[in-house]
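Asks: Here it is, the structure, as structure tokens.
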Amino acid sequence: MSRPLDSRHLNGGQKLAVKYFIVAVILFFAQLVFGMLAGVQYLHPDFLHGVLDFNVNRMVHINAMIVWMLYGFIGSVYWFLEEESGREIVGLKLGNWGFWVLTAAVTVVVAVYLLVQTGPGNDFTRWFINEGREYIEAPRWADIGIVVVMLIFFYNVAATFIKGRWSGIAGVLTLDLVALAGLYLAGMFYVTNISIDQYWWWWVIHLWVEATWEVLVGCIMAWTLMHLLGVRRKIVETWLYIEVALMFGSGILGLGHHYFWIGSPEYWLAIGGFFSALEPIPLVAMVVHSIYDSGVHKLRNRNHPALAWVIAHAFGNFLGAGVWGFMHTLPQINLYTHGTQWTTSHGHLAFYGAYATINIAFFYLAVQQWRGNVWMGANLVGAWRWKWALTLLSVGVMGMTMALLIAGYEQSFIERAVGGSSWSAYFAAQTHPWFMESMAWRMVFGWITIAGFVLLAWDLLVIGKHETREAETLVEEPALVGG
Amino acid sequence: MEHTPFWASTSFWKKTAIWVTAGSFLLLIVLTFDTMSKVTAGTGRVPDYTVINKRIDYRFDDKKHHSMPVIEGDAPLFGRILNEEEAERLVTLGKKTIQAKNCMNCHTLLGNGAYYAPDLTKAWLDPAWGGEAVRPMLMKMFLMDPVANARTYGSGRKMPNLGITEQEAEGIIAFLKWMSAIDTNGFPYNFKTAGGR
Chain D
1 MSRPLDSRHL NGGQKLAVKY FIVAVILFFA QLVFGMLAGV QYLHPDFLHG
51 VLDFNVNRMV HINAMIVWML YGFIGSVYWF LEEESGREIV GLKLGNWGFW
101 VLTAAVTVVV AVYLLVQTGP GNDFTRWFIN EGREYIEAPR WADIGIVVVM
151 LIFFYNVAAT FIKGRWSGIA GVLTLDLVAL AGLYLAGMFY VTNISIDQYW
201 WWWVIHLWVE ATWEVLVGCI MAWTLMHLLG VRRKIVETWL YIEVALMFGS
251 GILGLGHHYF WIGSPEYWLA IGGFFSALEP IPLVAMVVHS IYDSGVHKLR
301 NRNHPALAWV IAHAFGNFLG AGVWGFMHTL PQINLYTHGT QWTTSHGHLA
351 FYGAYATINI AFFYLAVQQW RGNVWMGANL VGAWRWKWAL TLLSVGVMGM
401 TMALLIAGYE QSFIERAVGG SSWSAYFAAQ THPWFMESMA WRMVFGWITI
451 AGFVLLAWDL LVIGKHETRE AETLVEEPAL VGG
Chain Y
1 MEHTPFWAST SFWKKTAIWV TAGSFLLLIV LTFDTMSKVT AGTGRVPDYT
51 VINKRIDYRF DDKKHHSMPV IEGDAPLFGR ILNEEEAERL VTLGKKTIQA
101 KNCMNCHTLL GNGAYYAPDL TKAWLDPAWG GEAVRPMLMK MFLMDPVANA
151 RTYGSGRKMP NLGITEQEAE GIIAFLKWMS AIDTNGFPYN FKTAGGR
């Protein structure tokens, strides 16, 4: 007997969510493919030269990443919106329309990136081909589309909660989405002065990934812990408020660590250094919280792969965003590491640990329900697949992170500290055997990451297919007092 | 849960979250206003666009313990002295071209971008491009045909031909010259200009 994926098991929001998840997984693959192409070019600079140059591959690599993660977040919120609010989504048709508009826009933008690539130095290029600002390269027309779709998403979340049941998660989520959509506007104007350009550009990049995204993931995590482990709502919501206080308390002014060297006043060295040094604290708190919750529930849960990925998230977020971020955040070291492979090393582990993991955890929750609330506990048929997918992806990303870190150390010493950052010093560092060996190792671990992805995609398609058991039902834990 | 101490209660943390977020954001707004007033072109840390008419250097400052941009004497770019409006127009063309050609996904500007090609923050002052007499010409030739005029330093990495016109190349060079005069708090450290100081 096999259990097919059947949308009759899903509510309206969940049907919309799986569409987002499918595109997310496809874009995840695109991220890896273009990352590999760019990685090969470090070792073989003539590879695809003049056809798909490094700047194109790298742009698609980082854009696919940002977009698949956003798709994962939007999907996750649509997934739990009806359950959390206790009513149907207010504008589901509009939400569906938004999904297709966004997906069509993403397709056109990527096609133009690949086929047209660049344009003349005028306003037309910025509006219709490429804005040329890292991470937010999407041309202006697409920016407007993104904002419209985000507003539809925001409307659905806010209005559904208002008409249904309000909760702590609902409140944090709604306010966070206002900030998330609003911040994008800070990246939507042209200015010649590059110091002002980068000042506002960091509002978008930093206040997204180091503040509002973290809080958004906190909301998704809060709901997941209740759903997965049966953690009591009061505990989860109190922790969520603690997280918001710590995350925004450190992250908002932690923005200053991007203002050390872009022309901004010297006081940013102190403010940025101090607050960004505090940024790991909420991530430590998350690890403490997750260990506590898992311990209280003796790791009893209704979806083993999802919980394993949640644990990977807790540690990955702490290591990648927290430790790797802290290592080069103080201006005294950042003077030498800024703009080197240190950043790449940090970026790889942080985005994987903080965001890829939680999205993958949610994909497993979705697949479980999609197959009619199938058993995903002990002795799951074919469990080796998710375990190996988790292992290979984590080893792959960690390996790339270490290889890039060594390249970053080498670059900081040879190019920066000794060579004084001239062009000849830059190339002396880039051609050094330590650097080239690191780049070769990065490719090895890149292939391991790809293998992990293939296994993950395969597993998501078949997990639970041959299970006959239903998932166990969880009872919310009783209050700890009086017992 | 009537025994919960105040510091473990949901309402305490809810209020804390709201106040901390609002306070931090307010402080950021105030600092943003102050920073904007200090980084507007021509107000101090970021030079006026006519700086492209001047000689620029980057020298170690004993008091600050890091290098600072030094602006002295006339050194018109491409032999022309530009007025404020013309200078801004040329630098703007350069900035728009730098965005249109997606330079930032190979190079870094002010240290931000990708790491496949050299940082452009002080590229104007880099000894690799020779003395000021030949520098603009060498840069222009390179930008207009980077494959034929490749500078790979044994790395094999070549900038692709991006169809940069002569006008756009002049704009880019003007932009790089202007950017090299921004006070970046000593970044990049230990950078020695063609002048050798």
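Quick note, the sequences are listed as chains D and Y, same order. Residues in the first sequence are numbered from 1 upward in steps of one, following this note's numbering. Residues in the second sequence are numbered from 1 upward in steps of one, following this note's numbering. Beta carbons are placed, not taken as given, at the ideal position from N, Cα and C, and that holds for glycine. Bear in mind that the values here come from a model prediction, so they are computed numbers and not experimental data.
1) Report yes or no: is there a C-beta of chain D within less than 8 angstroms of the C-beta of residue 182 of chain Y?
2) From which residue to which residue does the alpha helix (DSSP H) around residue 60 of chain Y run?
3) On the three-pair Cβ rule with 8 angstroms, is the region 162 to 170 of chain Y touching the region 40 to 54 of chain Y?
4) Should the region 172 to 180 of chain D be regarded as contacting the region 113 to 121 of chain D, the criterion being three or more beta carbon pairs within less than 8 angstroms?
5) Can you confirm whether residue 340 of chain D, when its beta carbon is compared against all beta carbons of chain Y, has any partner nearer than 8 angstroms?
6) Helix, strand or coil for residue 89 of chain D? Go by DSSP, reduced to three states.
7) Determine the direct distance from the alpha carbon of residue 85 of chain D to that of residue 170 of chain D, and round the result to whole angstroms.
8) Along the chain, where does the alpha helix (DSSP H) containing residue 206 of chain D start, and where does it finish?
9) Nearest to residue 379 of chain D by alpha carbon, out of D:302, D:261, D:326, D:47?
10) Given a cut-off of 8 angstroms on the beta-carbon distance, is the pair residue 72 of chain D and residue 101 of chain D in contact?
11) Considering Cα atoms alone, identify which of D:216, D:275, D:373, D:208 is closest to residue 11 of chain D.
12) I need the straight-line Cα distance from residue 180 of chain Y to residue 227 of chain D, nearest angstrom please.
13) At least one CB of chain D closer than 8 angstroms to the CB of residue 118 of chain Y: is that the case?
14) By the 8 angstroms beta-carbon criterion, what residues does the region 118 to 144 of chain D contribute toward chain Y?
15) Taking Cβ-Cβ distances shorter than 8 angstroms, what residues in chain D pair up with residue 45 of chain Y?
16) Between the region 91 to 109 of chain D and the region 81 to 99 of chain Y, can you find at least three pairs of beta-carbon atoms closer than 8 angstroms?
17) Name the chain D residues that come within less than 7 angstroms of residue 179 of chain Y, Cβ to Cβ?
18) Can you give the Cα-Cα distance for residue 91 of chain D and residue 292 of chain D, rounded to whole angstroms?
19) So, at 7 angstroms on beta carbons, what are the nonlocal neighbours of residue 1 of chain Y in its own chain, with the 5 sequence-adjacent residues on each side left out?
20) What did DSSP end up calling residue 116 of chain D once you bin it into helix, strand or coil?
21) Tell me, please, whether the CB atom of residue 197 of chain Y is closer than 8 angstroms to any CB atom in chain D?
22) Could you list which residues in chain D have their beta carbon closer than 7 angstroms to that of residue 157 of chain Y, in chain order?
23) Among residues of its own chain, excluding the 5 on either side of residue 95 of chain D, which ones have a beta-carbon nearer than 6 angstroms to its beta-carbon?
24) Assuming residue 60 of chain D and residue 34 of chain D make a contact with CB atoms under 8 angstroms, what is their CB distance in whole Å?
25) Going along the chain, which unbroken runs of the alpha helix (DSSP H) with 4 or more residues stay wholly within the region 210 to 284 of chain D?
26) Comparing alpha-carbon positions, which option in Y:176, Y:91, Y:155, Y:72 lies nearest residue 108 of chain Y?
27) Name the chain D residues that come within less than 7 angstroms of residue 126 of chain Y, Cβ to Cβ?
28) Measure the beta-carbon distance from residue 164 of chain D to residue 87 of chain D and round it to whole angstroms, keeping in mind my assumption that it falls under 8 angstroms.
29) In terms of residue numbering, what span does the alpha helix (DSSP H) encompassing residue 137 of chain Y cover?
30) So, using beta-carbon positions, are residue 135 of chain D and residue 78 of chain D closer together than 8 angstroms?
31) Run through the region 392 to 452 of chain D for me and flag every whole alpha helix (DSSP H) of 4 or more residues, listed as ranges in chain order.
32) Would residue 12 of chain D pass as an interface residue toward chain Y - the criterion being a Cβ-Cβ separation below 8 angstroms?
33) Checking 8 angstroms against the spacing of the C-beta atoms, do residue 392 of chain D and residue 452 of chain D come in under that value?
34) Give me whichever residues DSSP pairs with residue 113 of chain Y in a beta bridge.
35) Going residue by residue through the region 139 to 196 of chain D, where are the continuous alpha helix (DSSP H) segments of at least 4 residues, counting only ones entirely within it?
36) Which value, in whole angstroms, describes the spacing of the CA atoms of residue 183 of chain Y and residue 121 of chain D?
Replies: Once the coordinates are examined:
1) By 1-based counting over the second sequence, the position of residue 182 of chain Y is 182. It does: the Cβ of residue 182 of chain Y has a partner Cβ on chain D nearer than 8 angstroms.
2) Within the second sequence, numbered from 1, the residue matching residue 60 of chain Y stands at position 60. Per DSSP, residue 60 of chain Y belongs to no alpha helix (DSSP H); it is in the beta strand (DSSP E), 54 to 61.
3) Short answer: they don't touch.
4) No, the region 172 to 180 of chain D does not touch the region 113 to 121 of chain D.
5) Within the first sequence, the letter at position 340 stands for residue 340 of chain D. It does; some Cβ of chain Y falls within 8 angstroms.
6) As a position in the first sequence, residue 89 of chain D is number 89, starting the count at 1. Shown here, residue 89 of chain D sits in coil according to DSSP, grouped into three states, outside any helix or strand.
7) Numbered from 1 along the first sequence, position 170 holds the residue referred to as residue 170 of chain D. Numbered from 1 along the first sequence, position 85 holds the residue referred to as residue 85 of chain D. In a straight line, the C-alpha of residue 170 of chain D is about 8 angstroms away from that of residue 85 of chain D.
8) As a position in the first sequence, residue 206 of chain D is number 206, starting the count at 1. Secondary structure note for residue 206 of chain D: its alpha helix (DSSP H) is the uninterrupted segment 194 to 207.
9) Looking up residue 379 of chain D in the first sequence gives position 379. It is D:302 whose Cα lies nearest to the Cα of residue 379 of chain D.
10) By one-based count along the first sequence, residue 72 of chain D stands at place 72. By one-based count along the first sequence, residue 101 of chain D stands at place 101. Here residue 72 of chain D is not near residue 101 of chain D, since their CB atoms are 8 angstroms or more apart.
11) For this step, residue 11 of chain D is matched to residue 11 along the first sequence. Residue D:373 is the option with its Cα nearest to residue 11 of chain D.
12) Numbered from 1 along the second sequence, position 180 holds the residue referred to as residue 180 of chain Y. Numbered from 1 along the first sequence, position 227 holds the residue referred to as residue 227 of chain D. Straight-line spacing of the CA atoms in residue 180 of chain Y and residue 227 of chain D works out to 55 angstroms.
13) The residue you call residue 118 of chain Y lines up with position 118 of the second sequence. It does; some Cβ of chain D falls within 8 angstroms.
14) Cβ contacts with chain Y: 118, 119, 120, 121, 122, 123, 125, 126, 129, 130, 131, 132, 133, 134, 137.
15) For this step, residue 45 of chain Y is matched to residue 45 along the second sequence. Listed along chain D are 195, 263, 264, 265, each with a C-beta nearer than 8 angstroms to that of residue 45 of chain Y.
16) With a cut-off of 8 angstroms, the region 91 to 109 of chain D and the region 81 to 99 of chain Y do not count as touching, because too few Cβ pairs lie within range.
17) As a working note, residue 179 of chain Y is residue 179 in the second sequence. Those within 7 angstroms of residue 179 of chain Y in chain D are 194.
18) Position 91 of the first sequence, counted from the first residue, corresponds to residue 91 of chain D. Position 292 of the first sequence, counted from the first residue, corresponds to residue 292 of chain D. Going from the Cα of residue 91 of chain D to the Cα of residue 292 of chain D covers about 38 angstroms.
19) Walking along the second sequence from the start, residue 1 of chain Y turns up at place 1. Residue placement at residue 1 of chain Y cannot be trusted, given a pLDDT of 49 that sits under 50; what the coordinates show is reported in the next sentence. Cβ neighbours of residue 1 of chain Y within its own chain (closer than 7 angstroms, five residues either side excluded): none.
20) Indexing the first sequence from 1 puts residue 116 of chain D at position 116. DSSP places residue 116 of chain D outside both helix and strand once states are collapsed to three, so it counts as coil.
21) If you number the second sequence from 1, residue 197 of chain Y lands on position 197. Residue placement at residue 197 of chain Y is poorly supported in this model, since its pLDDT is 44, which falls under 50; the coordinates still yield a value, given next. Chain D contact via Cβ: absent.
22) Translated into the one-based positions of the second sequence, residue 157 of chain Y becomes position 157. Ordered by position in chain D, the residues that pass the 7 angstroms Cβ test against residue 157 of chain Y are 45.
23) Against the first sequence, residue 95 of chain D aligns to sequence position 95. For residue 95 of chain D, where only same-chain residues beyond five positions count, the Cβ hits under 6 angstroms are 16, 156.
24) For the purposes of this step, residue 60 of chain D is taken as the residue at position 60 of the first sequence. For the purposes of this step, residue 34 of chain D is taken as the residue at position 34 of the first sequence. With a beta-carbon spacing of about 4 angstroms, residue 60 of chain D and residue 34 of chain D fall inside the 8 angstroms limit used to define contacts.
25) Runs of the alpha helix (DSSP H) inside the region 210 to 284 of chain D: 213 to 229, 233 to 254, 267 to 278.
26) The residue given as residue 108 of chain Y occupies position 108 in the second sequence. Minimum Cα-Cα distance from residue 108 of chain Y among the listed residues Y:176, Y:91, Y:155, Y:72 corresponds to Y:176.
27) Within the second sequence, the letter at position 126 stands for residue 126 of chain Y. The answer, in chain order, is 422, 423.
28) On the first sequence, residue 164 of chain D is found 164 positions in, with the first residue counted as 1. On the first sequence, residue 87 of chain D is found 87 positions in, with the first residue counted as 1. Between residue 87 of chain D and residue 164 of chain D the Cβ distance is about 4 angstroms, and since that is below 8 angstroms, they are a contact.
29) Counting from one through the second sequence, the residue named residue 137 of chain Y turns up at place 137. 135 to 144 is the span of the alpha helix (DSSP H), which, as asked, contains residue 137 of chain Y.
30) Sequence index remark: in the first sequence, residue 135 of chain D carries index 135 (1-based). Sequence index remark: in the first sequence, residue 78 of chain D carries index 78 (1-based). Remark: C-beta atoms of residue 135 of chain D and residue 78 of chain D do not approach each other more closely than 8 angstroms.
31) List check, alpha helix (DSSP H) in window: 423 to 430.
32) One-based indexing of the first sequence puts residue 12 of chain D at position 12. Taking Cβ atoms only, chain Y never reaches closer than 8 angstroms to residue 12 of chain D, which makes this a no.
33) Within the first sequence, residue 392 of chain D is the residue found at index 392, counting from 1. Within the first sequence, residue 452 of chain D is the residue found at index 452, counting from 1. Yes. Within cutoff.
34) Counted from its first residue, the second sequence places residue 113 of chain Y at position 113. Assignment of beta-bridge partners to residue 113 of chain Y by DSSP yields Y:108.
35) List check, alpha helix (DSSP H) in window: 140 to 163, 168 to 184.
36) For this step, residue 183 of chain Y is matched to residue 183 along the second sequence. For this step, residue 121 of chain D is matched to residue 121 along the first sequence. Their backbone Cα atoms lie some 26 angstroms apart in a straight line.
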